[in-house]
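**Q** Residue numbers for the sequence shown follow UniProt numbering, beginning at 1 and rising by one.
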Amino acid sequence: MALSQVQCLDDNHVNWRLNESKPEFFYSEDQRLALEALITKGRDAFDAHVKEHELRPFLSEPELEWLRRSIEDYKPGSEHQKPDGTTEGEDGAISLQYWPDRSDTSIPNLDLGWPDCSSYRGVTRVNVFTQPPVDGQTTHIKEVVRKAIAQAQKMIAVVMDVFTDVDIFKDLIEAGFKKKVAIYIIIDIAAIQHFLHMCERHLRVRCIGGAAFFTCSAQKVHGSLSQKFMFVDGDRAVSGSYSFTWTASRLDRNVITVLTGQAVETFDKQFRELYLNSRGVNLTKIPLADPPEPDPAPIAVPPPVPVTVARKLINPKYALLNIDSASKASSDKASWVVGEGENVNEAAVCQILILVGFPNGKSNTCGSD
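1) Considering only C-alpha positions, which residue in the set I189, V232 and T138 is nearest to A157?
2) Under a Cβ-count criterion, where at least 16 other Cβ atoms within 10 Å of its own Cβ denotes burial, should Y120 be classed as buried or exposed?
3) Around the C-beta of H49, are 16 or more other C-beta atoms found within 10 angstroms, so that it is buried, or is it exposed?
4) For K179, count neighbouring Cβ atoms within 10 angstroms of its own Cβ and tell me buried if that reaches 16, exposed if not.
5) From the DSSP output, read off the bridge partner residues of D235.
6) Pull up the DSSP beta-bridge partners for P184, would you.
7) I need the DSSP call for N127, collapsed to helix, strand or coil.
8) Does DSSP classify T245 as helix, strand or coil?
9) Using C-beta distances below 7 Å, list every residue in its chain close to A148, excluding the 5 sequence neighbours before and after it, in chain order.
10) Any idea if T245 is buried or exposed, counting beta-carbon neighbours within 10 angstroms, 16 or more meaning buried?
11) Helix, strand or coil for T139? Go by DSSP, reduced to three states.
12) Whole angstroms is fine: what's the gap from F129's alpha carbon to I186's?
13) What does DSSP give as the partner residue(s) for R279 in the beta ladder?
14) Using a Cβ-Cβ cut-off of 7 Å (strictly less than) and excluding sequence neighbours within five positions of A248, which residues of its own chain qualify?
15) Specify the secondary structure class of G113 as computed by DSSP and reduced to three states.
16) Please determine, among R56, P57, H53 and A34, the residue with the shortest C-alpha to C-alpha distance to F46.
17) Give me the Cα-Cα distance between G240 and R32, rounded to the nearest whole angstrom.
18) In the DSSP output, which residue or residues are listed as bridge partners for Q219?
19) Spatial neighbours of K142 within its chain, please: CB distance less than 6 Å, with the 5 preceding and 5 following residues excluded, ordered by chain position.
20) Under a three-way DSSP split, which group does G240 fall into?
21) To the nearest whole angstrom, what separates the beta carbons of L225 and D188, a pair I think is in contact under 8 Å?
22) Specify the secondary structure class of I256 as computed by DSSP and reduced to three states.
23) Do you know offhand how far K75's Cα is from L67's?
24) Just the C-alpha distance for L18 and Y27, rounded to the nearest angstrom, thanks.
25) Three-state secondary structure (DSSP) at A212?
26) Quick one: Cα of P115 to Cα of E265, how far?
27) What would DSSP say about F177, mapped onto helix, strand or coil?
28) Assign E72 to one of two classes, buried (16 or more other C-beta atoms within 10 Å of its C-beta) or exposed (fewer than that).
29) At which residues does the alpha helix (DSSP H) containing L33 begin and terminate?
30) Ignore the nearest five residues each way along the sequence and tell me which others in T124's own chain have a CB closer than 6 Å to its CB.
Next comes the structure, spelled out in structure tokens:
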């Protein structure tokens, strides 16, 4: 239901007539009829309606051309269908009955997980960055975005008009694969084809447009998704004019704001609403590469041996410290055999005694020539 219809239900509401000079002016029936004439009959009918009702030109030439290109037929229920033609949801067609749990408090299916931030999020802090950097700033906007992705631990939610930056996309892929961070991406429906060239697994990609205008002749036009923000871990948001493209990070002038604390609750609610009203993007027919192999576990490097200990290890006098129990047992057995007068090779006995503690290779046991 439109806001004007909801306001009419209020018994105390007074529908003031506002002209274009008032800041509260928003809705105009003459403008609505002119827009409907443009959609149904074309540019000449629009110009005639504006001239007949003495309306000032409220649409620029680029807006008029864009509206004419975006006209499409309206089919009720088509917004609930997936790209392959099947209807979303398990219960088939949308019911006309009133279900408060599905209409008043609808919950988006964030199946990859979403942080529970029902408690107080902390004191609000705001940092502003510009591109190019000003006032002694050394950090550019793209660096701020990539660091926020690298520091994510739970989830990353991206809402963007155009997303073609390969570096940022690879950062999201690494966060999803290596750190198991949930990644949600919502892109303007007009730019989704440019993004599909980079898509990978372990993401939830959806598309959405702006608000729609419906005519009496079952036609409609819809706006664009102009929101640009990234919501990280439920407690940090990056928002501004910066798009995730190479030209935006190198050539365009942009400004972003990094917010933490309680102020990010607005971004939490906004992303949930966008995700609920968006449509899924079918990625099953896109050739995808196999997921990268996980990095090998780091091998613990033993601490370096002090110089004094190293000298003892290479000195034959201290070789006894590195002999295992088997060597000790063999040396003891050889000494016992020699004492009993058995027929034993003197060279072998001398070799054992040298390892034990006779560096010169001679002893009273083996005798001397």
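Glycine included, C-beta positions come from ideal geometry on N, C-alpha and C.
All values derive from a computational prediction rather than experimental measurement.
**A** So, from the listed chains and residues:
1) In the sequence shown, the residue the question calls residue 157 occupies position 157. Considering only alpha carbons, the answer is V232.
2) If you number the sequence shown from 1, residue 120 lands on position 120. Counting Cβ neighbours within 10 Å, Y120 comes out exposed, since fewer than 16 surround it.
3) Residue mapping note: residue 49 aligns to position 49 of the sequence shown, counting from 1. Under this definition H49 is a buried residue.
4) Counted from its first residue, the sequence shown places residue 179 at position 179. Burial call: exposed.
5) Counting from one through the sequence shown, the residue named residue 235 turns up at place 235. Per DSSP, none; premise fails for D235.
6) For the purposes of this step, residue 184 is identified with residue 184 of the sequence shown, where counting begins at 1. Checking the sequence, you will find Tyr at residue 184 rather than Pro. Paired residues: A157 and R204.
7) The residue you call residue 127 lines up with position 127 of the sequence shown. Of the three classes helix, strand and coil, the one that applies to N127 here is strand, per DSSP.
8) Position 245 of the sequence shown holds residue 245. Three-state DSSP puts T245 in coil, outside helix and strand.
9) The residue labelled residue 148 in the question sits at position 148 within the sequence shown. Excluding positions up to five away in sequence, the list reads M230, V232, R236 and V238.
10) Here residue 245 is taken as the residue at index 245 of the sequence shown, counted from 1. The residue is buried, with at least 16 neighbouring Cβ atoms inside 10 Å.
11) One-based indexing of the sequence shown puts residue 139 at position 139. Correct three-state label for T139: coil.
12) Position 129 of the sequence shown, counted from the start, is the residue given in the question as residue 129. Position 186 of the sequence shown, counted from the start, is the residue given in the question as residue 186. Rounded to the nearest angstrom, the two C-alpha atoms are 23 Å apart.
13) Numbered from 1 along the sequence shown, position 279 holds the residue referred to as residue 279. Per DSSP, C207.
14) Counting from one through the sequence shown, the residue named residue 248 turns up at place 248. Around A248: Y242 and N254.
15) Walking along the sequence shown from the start, residue 113 turns up at place 113. In this structure, G113 counts as coil in the three-state DSSP scheme.
16) Mapped onto the sequence shown, residue 46 falls at position 46. Taking only the C-alpha atoms, the option nearest F46 is A34.
17) Here residue 240 corresponds to residue number 240 of the sequence shown, with the count starting at 1. Here residue 32 corresponds to residue number 32 of the sequence shown, with the count starting at 1. Cα to Cα, G240 sits roughly 31 Å from R32.
18) Mapped onto the sequence shown, residue 219 falls at position 219. Its beta-bridge partners are D73.
19) What you label residue 142 is simply residue 142 of the sequence shown in a count that begins at 1. Only S249 meet the Cβ criterion.
20) Within the sequence shown, numbered from 1, the residue matching residue 240 stands at position 240. Three-state DSSP puts G240 in a strand.
21) For the purposes of this step, residue 225 is taken as the residue at position 225 of the sequence shown. For the purposes of this step, residue 188 is taken as the residue at position 188 of the sequence shown. Yes, L225 and D188 are in contact; Cβ-Cβ is about 4 Å, under 8 Å.
22) Here residue 256 is taken as the residue at index 256 of the sequence shown, counted from 1. Of the three classes helix, strand and coil, the one that applies to I256 here is strand, per DSSP.
23) As a working note, residue 75 is residue 75 in the sequence shown. As a working note, residue 67 is residue 67 in the sequence shown. For K75 and L67, the distance between alpha carbons rounds to 18 Å.
24) Numbered from 1 along the sequence shown, position 18 holds the residue referred to as residue 18. Numbered from 1 along the sequence shown, position 27 holds the residue referred to as residue 27. Each residue's Cα considered, the two are about 9 Å apart.
25) Along the sequence shown, read from residue 1 onward, the residue named residue 212 stands at position 212. Three-state DSSP puts A212 in a strand.
26) Your numbering for residue 115 matches position 115 in the sequence shown. Your numbering for residue 265 matches position 265 in the sequence shown. Using only the alpha carbons, I get a separation of about 12 Å.
27) What you label residue 177 is simply residue 177 of the sequence shown in a count that begins at 1. DSSP places F177 in helix when its eight states are reduced to three.
28) As a position in the sequence shown, residue 72 is number 72, starting the count at 1. Exposed, because fewer than 16 other Cβ atoms sit within 10 Å of the Cβ of E72.
29) As a working note, residue 33 is residue 33 in the sequence shown. Taken as a continuous stretch (DSSP letters only), the alpha helix (DSSP H) holding L33 covers E29 to K41.
30) Taking the sequence shown and counting its residues from 1, one reaches residue 124 at position 124. Cβ within range, chain order: G261, Q262 and A263.
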